[in-house]
Amino acid sequence: MTVVTNEKKFDRFWTVTAGSLSLLALVFTIIALRTSSWTINEYSSDGEVQWHGLFYTCNRMKCTLQYDNNFWVIFLTILSALLLLLATIMIFLMGVHSFPRRHFYITPLIEFFGVLLLLVSLVLYARQSLINGISARLIITAIVLGYTSLAIVVFVAGRYSIFYKKNPADFHYSKTEKNEAVKRVEEEQAMERGEN
874 MTVVTNEKKF
884 DRFWTVTAGS
894 LSLLALVFTI
904 IALRTSSWTI
914 NEYSSDGEVQ
924 WHGLFYTCNR
934 MKCTLQYDNN
944 FWVIFLTILS
954 ALLLLLATIM
964 IFLMGVHSFP
974 RRHFYITPLI
984 EFFGVLLLLV
994 SLVLYARQSL
1004 INGISARLII
1014 TAIVLGYTSL
1024 AIVVFVAGRY
1034 SIFYKKNPAD
1044 FHYSKTEKNE
1054 AVKRVEEEQA
1064 MERGEN
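The numbering of the sequence shown is this note's numbering, which starts it at 874 and goes up by one.
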């Protein structure tokens, strides 16, 4: 009994999985960026519970705008969210479009820098404040999801790099380019057989 697997379906499954994880990391990053519960101070001097976020410091009565101390954290988090958005789009395009498959190294690089900047922003915030709120936990979850997505994307990109070297005809758009590429590959294979 011979078992045949469809490699394109396998790659598309992993591409959709990685894209979904990256999209979830992006959503968690945006939620954590907008909420003000990065640090919860239950033992403040006035006896009030205080919540600190990137933009606001809140207590039971009011929220005050305070983002001067967190400028670099905000900047890096927004930049990482933009890179995660770009990486998510590129990951989903890997399954249906030939450009991300042909340039297989671009998508993992974008994903890596997006998650790395997210980690750096968390470290910068943790250097000045305690991270015990739900928003900080969302950022940690986004980092874990981003690195998991990165591992899957690197695996899929590695498979595409091997397939590209074996069969460049799969990575072209039009039939004329495909026919020319198929002829070129067949000629190379015939030359290799002739040498052996």
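Note that beta-carbon positions come from the ideal geometry of N, C-alpha and C, so glycine has one too.
Does Ala954 pass the burial test, meaning 16 or more other C-beta atoms within 10 Å, or should it be called exposed? buried
For Tyr998: DSSP bridge partner residues: The partner list for Tyr998 (beta bridge, DSSP) is empty, contrary to what the question assumes.
Helix, strand or coil: which one does DSSP assign to Lys1048? Caution applies to Lys1048, whose pLDDT of 45 falls short of 50 and renders its modelled position unreliable; the value that the coordinates give is listed next. It is helical.
Alpha helix (DSSP H) segment containing Trp945, residue limits: Phe944 to Met967
Where do the ends of the beta strand (DSSP E) carrying Tyr929 lie? Tyr929 to Cys931
Would you check if the distance between the CB atom of Thr908 and the CB atom of His925 is smaller than 8 Å? Contact flag unset, no.
Between Ile947 and Leu966, which are expected to be in contact by the criterion C-beta below 8 Å, what is the C-beta distance as a whole number of angstroms? Incorrect: roughly 29 Å between the Cβ atoms, too far for contact.
Rounded straight-line distance, which links the Cα of Gln923 to that of Thr888: Approximately 42 Å, taken between the alpha carbons.
Which value, in whole angstroms, describes the spacing of the CA atoms of Arg1057 and Gly1031? For Arg1057 and Gly1031, the distance between alpha carbons rounds to 23 Å.
What distance in whole Å lies between the Cβ atoms of Leu949 and Leu990, which are believed to be in contact at a cut-off of 8 Å? Approximately 5 Å separates the beta-carbon atoms of Leu990 and Leu949; this is inside 8 Å, confirming the contact.
Using the three-state DSSP reduction, which class does Trp887 fall into: helix, strand or coil? helix
Less than 8 Å between the CB atoms is what I'm expecting for Glu984 and Gly1019, so what's the real figure, rounded? 7 Å
Where Arg1015 and Ile962 are concerned, what is the direct C-alpha to C-alpha distance, given to the nearest angstrom? The amino acid occupying residue 1015 in the given sequence is Ala; Arg does not appear at that position. Near 17 Å, if we compare the C-alpha coordinates of Ile962 and Ala1015.
With a threshold of 16 other CB atoms inside 10 Å of the CB of Ala1063, please say whether the residue is buried or exposed. exposed
Exposed or buried, which one is Gly1067 when buried takes at least 16 other CB atoms within 10 Å? exposed
In the structure shown, what three-state DSSP assignment does Leu938 receive? strand
What distance in whole Å lies between the Cβ atoms of Val988 and Ala891, which are believed to be in contact at a cut-off of 8 Å? About 12 Å separates the beta carbons of Ala891 and Val988, which is beyond the 8 Å limit, so they are not a contact pair.
Span of the beta strand (DSSP E) around Trp924: Gln923 to His925
Ser893 versus Gly968, Tyr998 and Ser1002, residue with shortest Cα-Cα distance: Gly968
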